[in-house]
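These notes concern the structure reproduced below.
Chains as they are written, first to last, in our numbering: chain P, 433 to 532; chain A, 433 to 532; chain B, 433 to 532; chain C, 433 to 532.
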């Protein structure tokens with residue numbers, strides 16, 4: 433199980449605001465059978481690595497469908513094979529260390 | 433006002449788990465006079481760009497103080513000069529588009 | 433045509449040096465039918481986005497085959513649909529502006 | 433000694449092409465007393481971490497001076513304290529493993 437942090441940046445848009453493109457991404461994610469979380473800088477997805485990259489590829493296409501000519505997409509994968517990692521686990525694990 | 437997304441990766445640690453290093457980072461952030469938020473893949477800080485980079489430089493030093501010999505730190509800055517951006521704003525702006 | 437910048441970080445390795453894992457990645461890339469370039473911080477691949485992500489997924493598996501338990505992989509995709517982009521183009525385009 | 437990989441993305445530009453902004457960055461880097469290298473996806477700088485972050489902060493300002501309202505800047509720092517790392521070292525070290 434892995435986490436994938438995704439940021440999709442449409443370039444050459446008329447205005448600096450890109451919230452509507454991010455809303456498209458969130459709308460599309462609702463159709464996928466995975467857990468995900470929107471943060472202020474990225475979306476974090478949880479799943480198997482092949483599935484996550486397939487979804488990332490689909491989401492990366494969305495701004496092009498709205499006429500954008502260039503998209504920069506940043507992905508960070510955190511993949512552990514010694515234990516299952518789910519959304520919320522790492523935050524909880526750090527918080528319990530802070531309380532100790 | 434800018435957001436800075438920070439991920440600090442200590443390398444060559446004996447185990448794959450690095451939660452205690454992230455806890456150090458969170459502990460140090462409490463001393464700083466800024467808003468921040470821990471996500472599962474990063475910490476998001478809010479402030480002026482010079483202040484944020486100075487804090488990032490301090491936090492990057494923490495694993496070395498524990499004996500780590502190599503640290504990879506990823507930073508993404510999102511800096512707007514046409515409007516103030518705060519933690520929570522972008523998530524709220526996307527959510528209101530989804531409801532519309 | 434897109435460029436994909438790839439950095440594979442094995443975590444929990446005994447030593448901070450990871451050159452042998454990067455050598456595995458370069459060795460595996462020789463088998464693929466694409467153009468690529470090794471830099472000091474990443475490998476840049478050129479191709480169609482689906483093909484590039486499939487190769488990135490394969491390369492991400494390599495450190496696990498050597499016993500590593502956690503791998504952090506960073507990907508940045510730069511994808512233009514208004515013109516073909518190849519390795520070397522962007523550097524050349526900036527250099528010709530500097531000479532002008 | 434550390435390497436810093438820098439990518440500056442101006443947002444809300446009229447066209448998808450940003451080569452002139454990158455040329456500004458390269459022009460400004462000539463004034464700095466450090467080694468650097470332009471790749472197709474980023475610029476890699478070599479130096480002490482504090483110096484590198486100060487330069488990154490300066491370069492991040494450049495697109496704003498041309499009227500851009502939002503800049504996304506990605507930084508990856510690779511910092512070793514067990515040995516000196518210079519531009520070219522990691523590529524050479526991987527290449528010598530490939531020949532072995």
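Cβ coordinates follow ideal geometry from the N, Cα and C atoms, glycine included.
Only a predicted model underlies this, so the values are computations on that prediction, with no experimental measurement involved.
Exposure label - residue i; buried when at least 16 CB within 10 Å
i	result
residue 514 of chain C	exposed
residue 479 of chain C	buried
residue 522 of chain C	buried
Under 8 Å from the C-beta of residue i: neighbouring residues of chain P
i	result
residue 489 of chain B	481, 482, 485
Boundaries of the beta strand (DSSP E) in which residue i is found, first to last residue
i	result
residue 510 of chain A	502-512
residue 463 of chain A	That residue, residue 463 of chain A, is in no beta strand (DSSP E); it is neither H nor E in DSSP.
residue 471 of chain A	That residue, residue 471 of chain A, is in no beta strand (DSSP E); it is neither H nor E in DSSP.
residue 440 of chain A	434-443
Endpoints, the alpha helix (DSSP H) within which residue i is located
i	result
residue 534 of chain C	Given that chain C is displayed from residue 433 to residue 532, the structure contains no residue 534 of chain C and the question cannot be resolved.
residue 527 of chain P	521-531
Listed by chain order, chain B residues near residue i by CB distance under 9 Å
i	result
residue 442 of chain C	Those within 9 Å of residue 442 of chain C in chain B number zero; the least Cβ separation is about 14 Å.
Chain A contact residues for residue i, given Cβ-Cβ distances below 7 Å
i	result
residue 448 of chain B	443, 444, 501, 502
residue 466 of chain P	Under the 7 Å cutoff, chain A gives no residues; its nearest Cβ is about 14 Å from residue 466 of chain P.
residue 435 of chain P	472, 473
Rounded C-alpha distance that separates residue i from residue j
i	j	result
residue 481 of chain P	residue 466 of chain P	12 Å
residue 483 of chain B	residue 495 of chain P	20 Å
residue 475 of chain A	residue 474 of chain P	11 Å
residue 452 of chain B	residue 518 of chain C	18 Å
residue 524 of chain P	residue 456 of chain A	14 Å
residue 520 of chain P	residue 469 of chain A	13 Å
residue 529 of chain C	residue 433 of chain B	31 Å
residue 532 of chain B	residue 471 of chain B	27 Å
residue 527 of chain B	residue 486 of chain P	36 Å
residue 454 of chain B	residue 497 of chain C	39 Å
residue 499 of chain A	residue 499 of chain C	45 Å
residue 516 of chain P	residue 477 of chain C	37 Å
Proximal residues of chain P, C-beta to C-beta of residue i below 7 Å
i	result
residue 505 of chain A	By Cβ distance, chain P contributes nothing, its closest Cβ being about 13 Å from residue 505 of chain A, past 7 Å.
Where residue i meets chain A, residues with beta-carbon distance less than 8 Å
i	result
residue 508 of chain C	504, 505, 506, 507
Chain P residues whose Cβ lies nearer than 9 Å to that of residue i
i	result
residue 458 of chain A	526, 527, 529, 530
residue 514 of chain B	444, 501, 502
Chain B contact residues for residue i, given Cβ-Cβ distances below 8 Å
i	result
residue 455 of chain C	526, 529, 530
Contacts of residue i in chain A (Cβ-Cβ under 9 Å)
i	result
residue 522 of chain P	451, 454, 470, 471, 472, 473
Any non-hydrogen atom of the ligand SAH closer than 7 Å to residue i Cβ
i	result
residue 433 of chain A	No copy of the ligand SAH occurs in the structure displayed, which carries no ligand at all.
Touch test, the region 437-445 of chain P against the region 472-491 of chain P, Cβ-Cβ under 8 Å, three pairs minimum: yes
At least 3 beta-carbon pairs within less than 8 Å: the region 507-523 of chain C vs the region 498-507 of chain A: yes
At least three beta-carbon pairs within less than 8 Å, the region 454-474 of chain A to the region 455-467 of chain B: no
The region 441-456 of chain C / the region 443-457 of chain P touching (three or more Cβ pairs under 8 Å): yes
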